[in-house]
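Trainee: The structure's right below; bear with me while I get my questions together.
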């Protein structure tokens with residue numbers, strides 16, 4: 299097996315990368331066990347933002363300015379479709395793993 303230098307040490311690449319991921323902040327903060335966990339975090343973050351924005355009592359800011367969860371989902375699905383349309387126009391075609399990764403990042407971070 300080929301050895302590569304990683305942070306000044308020679309290690310097997312697959313072993314080192316696996317160890318790095320399992321100790322990473324990405325795994326800790328951005329890997330979700332269930333879709334419902336992610337939805338609950340989104341809902342909680344949106345409620346906190348609404349409460350904070352409304353507490354500032356700035357002119358023109360009202361509850362009607364914010365999207366409800368259904369409206370957010372409709373908007374999300376629209377841009378998810380646009381992302382898939384964008385990925386489908388590449389010639390040669392984008393690998394499915396790249397398209398899948400793009401969709402997963404979009405879903406997790408938006």
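In my numbering, the protein residues as written are 299 to 408.
C-beta: ideal position from N, C-alpha, C; glycine also.
Computed from a prediction, not measured in an experiment: that's the story for all the values here.
(1) Pick out whichever of 326, 366 and 357 has its Cα sitting closest to the Cα of residue 345.
(2) Pull up the distance between the alpha-carbon of residue 402 and that of residue 326, whole angstroms please.
(3) What three-state label does DSSP hand residue 399 in the structure shown?
(4) Could you check if residue 299 is buried or exposed, using at least 16 other CB atoms within 10 Å of its CB as the buried criterion?
(5) Hey, how far is the Cα of residue 398 from the Cα of residue 360?
(6) Pull up the distance between the alpha-carbon of residue 338 and that of residue 392, whole angstroms please.
(7) Candidates 404, 390 and 363: which alpha carbon is nearest residue 382's?
Mentor: According to the structure data:
(1) 366
(2) 16 Å
(3) helix
(4) Here residue 299 scores only 47 on pLDDT, less than 50, and its place in the model should not be relied on; the value that follows carries that caveat. That one is exposed.
(5) 38 Å
(6) 32 Å
(7) 404
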